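The sequence shown begins at 2 in my numbering and counts up one residue at a time. In what follows, a single structure is set out as structure tokens and then discussed.
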Amino acid sequence: MPELTPDALRAAVARIAPSRVPALTQHLFEASANALQTQSLAPLRAFVHSWAVFVAIERHPERAARLRGLERIVDAGEQDPTAAIAEILAIREAAEAEAGLCAAHRSAAGTSPGANL
Numbered sequence: 002m003p004e005l006t007p008d009a010l011r012a013a014v015a016r017i018a019p020s021r022v023p024a025l026t027q028h029l030f031e032a033s034a035n036a037l038q039t040q041s042l043a044p045l046r047a048f049v050h051s052w053a054v055f056v057a058i059e060r061h062p063e064r065a066a067r068l069r070g071l072e073r074i075v076d077a078g079e080q081d082p083t084a085a086i087a088e089i090l091a092i093r094e095a096a097e098a099e100a101g102l103c104a105a106h107r108s109a110a111g112t113s114p115g116a117n118l
């Protein structure tokens with residue numbers, strides 16, 4: 002897993018999903034502009050969180066393929082999506098843990114003491 006910095010995440014995305022680099026670049030531009038406008042680091046934290054989870058999922062092709070299949074089940078609306086949604090959440094939680102975001106998320110939510118991000 003790369004460091005949780007824009008440059009490291011960009012390099013990882015370029016390696017595992019090069020077609021997504023323009024989306025990452027646009028998201029970073031928007032997050033930076035929003036951070037300046039609001040005088041808050043929250044948009045940049047959201048950017049890092051989003052792309053770290055993306056990298057953690059996409060660096061495991063089987064997990065990424067499974068997630069896309071589950072998303073298709075939910076989008077199709079042809080069957081009860083409860084199990085698919087639960088598995089999607091489990092995949093995302095595992096990716097957050099792999100990226101080291103779980104403790105940070107709990108701290109930001111105020112559920113455990115700790116340093117700010």
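Positions of the beta carbon are idealized from the N, C-alpha and C atoms, including for glycine. Note that the coordinates shown come from a computational prediction; the quantities given were computed from them, not determined experimentally.
Any contact of the segment 51-63 with the segment 88-105, i.e. 3+ C-beta pairs under 8 Å? By the Cβ criterion, the segment 51-63 is in contact with the segment 88-105, since at least three pairs of Cβ atoms, one from each stretch, lie closer than 8 Å.
Task: For Ala100, the nearest candidate out of Ala18, Val49 and Leu90 (CA to CA) - done: The option with the nearest alpha carbon to Ala100 is Val49.
Burial state of Leu102, where buried means 16 or more other Cβ atoms lie within 10 Å
Its Cβ being crowded by 16 or more others within 10 Å, Leu102 is buried.
Beta carbon proximity, Ala13 to chain B, threshold 7 Å = Absence of chain B from the displayed structure is noted, only one protein chain being present.
Notebook entry, point to check: Are the CB atoms of Ala85 and Ile74 nearer to each other than 7 Å?
Noted result: Yes.
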